[in-house]
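Visitor: The structure under discussion is supplied below as structure tokens; questions concerning it will follow.
Protein chains in written order, with the working numbering: chain V, 2 to 362; chain L, 1465 to 1678.
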């Protein structure tokens, strides 16, 4: 996108970024009761979404719904004011949430979940709104009928194609879910490839690290749970930095330490500082539990966004937008953690351990 | 007890009493062995119960941590839509203490090779997988605990049976034998006394007869 085209979107993103909750304020909420968290959130950008929740219906699920709505509004607003290839990238990012909605709908159809309950998990992003999802769900008596209705809906044609091409297994939706997830990341990858110069490089770092974090998660889980290798390979998302051979080689290695060292060696060849830092950190923490390593992977994505914001200070690149969206997502993830932790009366230390914060926080 | 009050019968009764006392001693020893193994199994069950409690606590804590990360709705969705694991309990028997038939329970999981992964890795934090794995381990503890409980019940039934047998011997059979022995002895003593009198009378009569003839 030409620098002039960023003029419209950047001030809006900058304003939205100022509304993000600081790490200190977030940490102050750890261990507080749900009402205190609600009151604190009324002073933030989530105010309007939270005020829509009737006081007697206030719980972690309604809060989660309000947070998702806020994220959807922010993303939709940024998409509205963006243009060209940046808009395509943002729409592709929105595609991840559309896929999440489709998965919710299919799971609800499979388990005959209460429609109202399922619709609460729908993030209003993409061509279908909550009412349309509700209509599909209420008209479908089984997963097959839900698939048929989705295939003829106003969904993105690429998603519809995936739904039609992948047969639904009666026992499990996993294969279809995998195909949908891969389609979302392929679309992101394709949209990034259309970006030029610095935008392309930044987008590959911010979104690539997210996709590769999933690939690493799959490799580490494969090592821990020892499921069939061909199933692990099916889970790989398209990587923007490494080729398939790198991940396949990593699958052959005996433990987390050797995988991290191998990936560190490969990332040094690609001269990518973000990947290098991530693998160096994992090889240091390789004796930690897998949940802590997964936390490191998530934290790397957050830290990459923060570093991108610091490194590319100029307004005229995609880094600021993508990094902001990532930060907003992590804020919602952390708030969700705080609310559920507070509702379930979980120890403050455990809640804090589950948050994805910067390394020095 | 109807018996012929004879010396042979008395000897037989005394032999039966000795035999009954011997059986009571053996049963008492069996009872002690059963009690010792009951205490051992009870200690094992307590240890298993502690481990089960610890495992369940850990699984619950992992579940809560996973729920915090994945979100309440996603966790619910995943738990409801994941392919359920089919478990079965196979029962086998083995000879245990005093040759008692003890049940052995084996928890078996039916694995579907096509779908080794149950939860979508992208949506599932490891804590939820960990919670599921720990619950599976807890199921093993529950089955082992059930096996121990079945064994304990078996031992308790056997203890109560042995105790009834000992009591029957000690408080019914032996006293009955004692009474019968005493009865036979009394009868024999009585017969002896009558015989003695009869001998003395005969002797006296023989003496008188000899005096008359002299």
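The beta-carbon is built from N, C-alpha and C at its ideal position, and this holds for glycine as well.
In this text, all values refer to a predicted model and were calculated from it rather than measured experimentally.
1. Nearest-angstrom Cα distance between residue 31 (chain V) and residue 1613 (chain L)?
2. Let's see if you can read the secondary structure: which residues bound the alpha helix (DSSP H) around residue 71 (chain V)?
3. Taking beta-carbon pairs under 7 Å, can you tell me which members of the stretch 228-262 of chain V lie near chain L?
4. Under a three-way DSSP split, which group does residue 446 (chain V) fall into?
5. For a test of the three-state rule: what should DSSP assign to residue 54 (chain V), helix, strand or coil?
6. DSSP state of residue 31 (chain V), grouped into three classes?
7. Quick one, are the C-beta atoms of residue 1533 (chain L) and residue 1574 (chain L) less than 8 Å apart?
8. Return helix, strand or coil for residue 280 (chain V), following the three-state DSSP convention.
9. Express the C-alpha separation of residue 293 (chain V) and residue 164 (chain V) in angstroms, rounding to a whole number.
10. When Cβ atoms are compared, which residues of the stretch 339-353 of chain V fall closer than 8 Å to chain L?
11. Give the C-beta separation of residue 144 (chain V) and residue 169 (chain V) to the nearest angstrom, bearing in mind that I take them to be a contact with Cβ-Cβ under 8 Å.
12. For a test of the three-state rule: what should DSSP assign to residue 357 (chain V), helix, strand or coil?
13. Rounding to the nearest angstrom, what Cα-Cα distance links residue 252 (chain V) and residue 266 (chain V) in this structure?
14. Put residue 1567 (chain L) into one of helix, strand or coil per three-state DSSP.
15. Using a Cβ-Cβ cut-off of less than 8 Å, give me the residues of the stretch 135-166 of chain V that come near chain L, in sequence order.
16. Judging by CA-CA distance, which residue of V:273, V:213, V:223 is the nearest neighbour of residue 245 (chain V)?
17. Assuming residue 65 (chain V) and residue 1530 (chain L) are in contact, meaning their beta carbons sit under 8 Å apart, how far apart are those beta carbons, in whole angstroms?
18. Using only CA atoms, which one of V:92, V:215, V:181 lies nearest to residue 104 (chain V)?
19. Could you run through the stretch 293-312 of chain V and flag, in chain order, every residue whose CB is less than 7 Å away from some CB of chain L?
20. If I measure Cβ to Cβ from residue 161 (chain V) and keep anything under 6 Å in the same chain, skipping five residues before and after, which residues do I get?
21. Is there a C-beta anywhere in chain V that falls below 8 Å from the one on residue 1591 (chain L)?
22. Do you know how far the Cα of residue 1492 (chain L) is from the Cα of residue 1550 (chain L)?
23. Strictly below 9 Å CB to CB, what residues from chain C border residue 264 (chain V)?
24. For a contact defined as C-beta to C-beta under 9 Å, what are the partners of residue 219 (chain V) on chain L?
25. As a quick exercise: from L:1466, L:1470, L:1472, L:1485, pick the residue whose alpha carbon is nearest that of residue 1679 (chain L).
26. Grab me the residues of residue 262 (chain V)'s own chain with a C-beta within less than 7 Å of its C-beta, minus the 5 sequence neighbours each way, in chain order.
Guide: Quick answer:
1. Here residue 31 (chain V) refers to the residue found at position 30 of the first chain. Here residue 1613 (chain L) refers to the residue found at position 149 of the second chain. Straight-line Cα distance between these residues: approximately 44 Å.
2. Against the first chain, residue 71 (chain V) aligns to sequence position 70. 61-82 is the extent of the alpha helix (DSSP H) around residue 71 (chain V).
3. Contact annotation: in the stretch 228-262 of chain V, residues whose CB is within less than 7 Å of a CB in chain L are 228, 229, 232, 236.
4. Outside the displayed span of chain V (2 to 362) sits residue 446 (chain V), for which this structure offers no information.
5. Start at 1 with the first residue of the first chain, and residue 54 (chain V) comes out as number 53. Residue state for residue 54 (chain V) is assigned as coil, using DSSP reduced to three classes.
6. Your numbering for residue 31 (chain V) matches position 30 in the first chain. Looking at residue 31 (chain V) - three-state DSSP - the assignment turns out to be coil, as it is neither helix nor strand.
7. Counted from its first residue, the second chain places residue 1533 (chain L) at position 69. Counted from its first residue, the second chain places residue 1574 (chain L) at position 110. Taking 8 Å as the Cβ cut-off, residue 1533 (chain L) and residue 1574 (chain L) do not qualify as a contacting pair.
8. Against the first chain, residue 280 (chain V) aligns to sequence position 279. Of the three classes helix, strand and coil, the one that applies to residue 280 (chain V) here is helix, per DSSP.
9. Numbered from 1 along the first chain, position 163 holds the residue referred to as residue 164 (chain V). Numbered from 1 along the first chain, position 292 holds the residue referred to as residue 293 (chain V). Spanning the two alpha carbons is a distance of roughly 34 Å.
10. Along the stretch 339-353 of chain V, going in chain order, the ones with a CB nearer than 8 Å to a CB of chain L are 341, 342, 345, 347, 351, 352.
11. Here residue 144 (chain V) is taken as the residue at index 143 of the first chain, counted from 1. Here residue 169 (chain V) is taken as the residue at index 168 of the first chain, counted from 1. With a Cβ gap of about 5 Å, residue 144 (chain V) and residue 169 (chain V) count as contacting.
12. For this step, residue 357 (chain V) is matched to residue 356 along the first chain. Coil, per DSSP.
13. As a working mapping, residue 252 (chain V) is identified with position 251 in the first chain. As a working mapping, residue 266 (chain V) is identified with position 265 in the first chain. In this structure, the straight-line span from the alpha carbon of residue 252 (chain V) to that of residue 266 (chain V) is close to 15 Å.
14. One-based indexing of the second chain puts residue 1567 (chain L) at position 103. Residue state, collapsed to three classes: strand.
15. So nothing in the stretch comes that close.
16. Position 244 of the first chain, counted from the first residue, corresponds to residue 245 (chain V). Ranking V:273, V:213, V:223 by CA distance to the CA of residue 245 (chain V) puts V:213 first.
17. Translated into the one-based positions of the first chain, residue 65 (chain V) becomes position 64. Translated into the one-based positions of the second chain, residue 1530 (chain L) becomes position 66. With a beta-carbon spacing of about 15 Å, residue 65 (chain V) and residue 1530 (chain L) fall beyond the 8 Å limit used to define contacts.
18. Along the first chain, one-based indexing puts residue 104 (chain V) at 103. Among V:92, V:215, V:181, the Cα nearest to that of residue 104 (chain V) is on V:181.
19. Near chain L, meaning a CB-to-CB distance below 7 Å, the residues of the stretch 293-312 of chain V are 295.
20. On the first chain, residue 161 (chain V) is found 160 positions in, with the first residue counted as 1. Within the same chain, Cβ atoms closer than 6 Å to the Cβ of residue 161 (chain V) are found at 152, the five residues on either side in sequence being excluded.
21. Within the second chain, residue 1591 (chain L) is the residue found at index 127, counting from 1. A Cβ of chain V is located within less than 8 Å of the beta carbon of residue 1591 (chain L).
22. As a position in the second chain, residue 1550 (chain L) is number 86, starting the count at 1. As a position in the second chain, residue 1492 (chain L) is number 28, starting the count at 1. Cα to Cα, residue 1550 (chain L) sits roughly 46 Å from residue 1492 (chain L).
23. In the structure shown, chain C cannot be found, because the protein chains are V and L.
24. Within the first chain, numbered from 1, the residue matching residue 219 (chain V) stands at position 218. Simply 1585, 1586.
25. No answer is possible for residue 1679 (chain L): the residues shown for chain L start at 1465 and end at 1678.
26. In the first chain, counting from the first residue as 1, residue 262 (chain V) sits at position 261. Around residue 262 (chain V), the same chain offers 284 as residues with beta carbons nearer than 7 Å, after the five sequence neighbours per side are excluded.
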